[in-house]
Amino acid sequence: MTTKSKSTKAKPAPADDRLRVRKTYKLYIGGAFPRSESGRSYPVHSASGDLLAHAAQASRKDLRDAVVAARKAFAAWSGATAYNRGQVLYRVAEMLDGRREQFAAEVAESEGGSPAAALAQVDAAIDRWVYYAGWSDKYAQVVGGTNPVAGPYFSFSLPEPTGVVGVVAPQDSSLLGLVSVLAPVVALGNTAVVIAAEERPLPAASFAEVLATSDLPGGVVNLLTGFTAELTPWLAGHRDVNAVDLTGVAVPDRKALQIKAADNVKRVYAPAAADWSADPGISRLGAFVETKTVWHPIGV
Amino acid sequence: MTTLDRTDLSDVTRDDLSLRRFLHGLPGVDQVGAEGRAAGLATRSIKTTAKAWAIDTAITMIDLTTLEGADTPGKVRSLCAKAARPDSSDPSVPSVAAVCVYPDLVATAVAALRGTSVGVASVATAFPSGRASLDTKLHDVRDAVAAGATEIDMVIDRGAFLAGHYQQVFDEIVATKAACGSAHLKVILETGELATLDNARRASWLALLAGGDFIKTSTGKVTPAATPPVALVMLEAVRDYYALTGKQRGVKLAGGIRTSKDAVRYLVMVNEVAGEQWLDPDLFRLGASSLLNDLLLQRHKLATGSYDGPDYVTVD
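First to last, the sequence lines map onto chains G and P. Following our numbering, the numbering of the first sequence begins with 1411 at its first residue and continues without gaps. Following our numbering, the numbering of the second sequence begins with 658 at its first residue and continues without gaps.
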């Protein structure tokens, strides 16, 4: 921060010394990229304190619009076959893979660390997305099944998506963490409203461009950047949100949100801090499904 | 308004020629100006207590409507229950102004609404196209009135209007008004089929001269339906008619009004164009079905401070 040129520098200049196109990152709501309804944006700095860019600062009304978009998208997304959802999610991984250098650069700027470590993170994010995409048509096979019942019925249980899930993405891991919390939500047919990491929102904003250019229907994932403390009470209190994932909320702040979420009996998932590089297992998949049990008469 | 300086309107309706001369002598509508004025009025910001007042006022002005081929007595009864008590968990929500149904379901609605303040409106005169003989149309009206309808929503013969047969349209409205007896008559202009704002102004005046108690934008079966510029022109017509004759006539907007925001914008327009005394269910109505749910959601948001969702209102 000693010289003017350093503090206003947007990003490291590319090799050909071409002037970089600078932009203000926008929100992703209902498949479109609007600015915040409030017109606000906020500066985003790199790990070393340089100004990277400005990101849209979402307001409660943007959040409201995002929930409406997610609700609208839910019927079609949850009604699509699990196989089809899996194929769409593989496509997302494919698009992410095509831009891995860009994401590596953004992750390195946001989180610091070596370029090699950032690239490893991006690759892990791609693998994580593929991992959950694979689960979309296998999860029901593993946790669903027939129930032995003493009567003339064929009884079976199936996992069904919970609905609109509000996700507060992890604050530390801007891409791998985001992917690790978002993919299990949408893989099983939920739609999501995601609040990106407050201080590291740029990889998430770029990830929205990946989603927009995949076959993911608009509204399935809605991504907001802004201040976590401003947005989370509205998310937790929103009566049309069926579940919230408070992974990105600091533990002391969770209780107030859980109380708000209890108003309409939201499912609340508030796990302990996770190591994003570890094997994720399937616990997150199970956090946002309901079990539907069907009793089908036989022999009549 | 130069033509309107002539205060003797009885002369205007003497015959086809004088009616035509009057309607075509009305000042033309500046379309760009009307759109600009309507857009300008839509930018007012209505918040907090004013918004709460506007939401409740809008609810009292709703004609809760179901006009589907699939309407059943059960559906009409549930609509009536909702009209009388829009939010079953909150008695402070006012009743709507009326329910609006097809003539054959009027008796069902009347029975369901007995003892409430909610009126029963019925569309008639071969709604929505209006393509039937005058006898058939009047029979339709008498049926609905006999069944207990307190308000009749008639459609004008747009074909005759566009062909320039103003006297025919005029006579039909007069005859329908006579058939209504004590029931209020709303005249549907179907502005979406009239093509221009000039025609909307002419049709408004034609309906007012013929004795319509309300002029109504649309059937809801044609797009575009109620739009801000059309509403502006119609509100100007009732304002000018009042200035000229001292008689207050109402405006009903119908079709395409689904959000509280739209409804509040129209209330602003009524207040600014026609005047505050028109902010009354006797002089202004909103024909709508899904609008009521959105108003209830907004009302709940204001009361509780948290956003609500479609799970908490009835599916109509």
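Every residue, glycine too, gets a C-beta built ideally from N, C-alpha and C. Please read these numbers as outputs of a predicted model, since none were measured by experiment.
Three or more Cβ pairs drawn from the region 708 to 720 of chain P and the region 747 to 757 of chain P lie within less than 8 Å of each other, which places the two stretches in contact. Within the region 1416 to 1495 of chain G, the runs of beta strand (DSSP E) that reach at least 3 residues and sit entirely inside it are, in chain order, 1451 to 1455, 1461 to 1466. Assigned with DSSP and collapsed to three states, G:Phe1513 falls in helix. The Cβ atoms of G:Pro1580 and G:Ser1488 do not sit closer than 8 Å to each other. Contact between the region 726 to 734 of chain P and the region 921 to 933 of chain P is not established, with fewer than three Cβ pairs separated by less than 8 Å. Residues of the same chain with a CB within less than 7 Å of the CB of G:Ala1480, apart from the 5 flanking positions on each side, are Val1574, Thr1601, Ala1602, Val1603, Gly1629, Asn1632 in chain order. With a 10 Å radius around the Cβ and a threshold of 16 neighbouring Cβ atoms, G:Phe1564 comes out exposed.
For G:Pro1690 against G:Ser1590, the beta-carbon gap comes to about 6 Å, under 8 Å, which counts as contact. By DSSP's assignment, P:Ala778 forms a beta bridge with P:Cys757, P:Glu808. About 19 Å separates the CB atoms of P:Ile914 and P:Ala894; that is not less than 8 Å, and the two are not in contact. If only uninterrupted alpha helix (DSSP H) runs of at least 4 residues are considered, those enclosed by the region 883 to 934 of chain P are 885 to 902, 917 to 926.
In this structure, the CA atom of G:Ala1607 is about 12 Å from the CA atom of G:Thr1642. For G:Ile1708, the three-state secondary structure derived from DSSP is coil. Considering only G:Pro1444, G:Asp1533, G:Thr1491, the residue with the shortest C-alpha distance to G:Ser1469 is G:Pro1444. Excluding five sequence positions before and after P:Arg858, the CB atoms of its chain that fall closer than 7 Å to its own CB belong to Leu683, Val686, Val890, Ala894, given in chain order. Among the CB atoms of chain P, one or more fall inside 8 Å of the CB of G:Gly1647.
Rounded to whole angstroms, the Cβ separation of P:Met811 and P:Val844 is 6 Å, and the two are in contact under 8 Å. If you look at P:Ser861, you'll find it in the alpha helix (DSSP H) that goes 854 to 866. At the C-beta level, P:Ala860 and P:Leu846 come within 8 Å of one another.
The C-beta distance from P:Val826 to P:Phe818 rounds to 5 Å, short enough to fall under 8 Å. C-alpha of G:Val1704 to C-alpha of G:Ala1485: approximately 20 Å in a straight line. The beta carbon of G:Arg1481 falls within 8 Å of a beta carbon belonging to chain P, placing the residue at that interface. For G:Lys1676, no alpha helix (DSSP H) encloses it, and the DSSP letter there is neither H nor E. Taking 8 Å as the upper bound for CB-CB distance, P:Gly912 and P:Thr874 are in contact here, some 7 Å apart.
Residues of the region 1659 to 1688 of chain G that bring their beta carbon within less than 8 Å of a beta carbon in chain P comprise Lys1670, Asp1673, in sequence order. Taken through DSSP and simplified to helix, strand or coil, P:Asp720 comes out as strand. For P:Val689, the enclosing alpha helix (DSSP H) has its first and last residue at 688 to 698.
Proximity of G:Val1578 to chain P, defined by a Cβ-Cβ separation below 8 Å, is not satisfied. For P:Gly966, the nearest CB of chain G lies under 8 Å from its own CB, placing it at the interface with that chain.
Counting along the chain, G:Ala1683 sits inside no alpha helix (DSSP H), nor does DSSP assign it H or E at all. Taking 8 Å as the threshold, the shortest C-beta distance from G:Val1553 to chain P does not fall below it.
Apart from sequence neighbours up to five positions away, the residues of its chain that approach G:Asp1547 with a beta-carbon distance below 6 Å are Ala1492, Tyr1493, Gly1496, ordered along the chain. Close partners of G:Arg1694 in chain P (Cβ separation under 7 Å) are lacking, with about 24 Å as the shortest Cβ gap. For P:His841, the pairing in a beta bridge is given by DSSP as P:Glu808.
By the CB criterion at 8 Å, P:Val780 and P:Thr833 fall outside the cutoff. With respect to chain P, the C-beta atom of G:Asp1650 has a partner C-beta closer than 8 Å.
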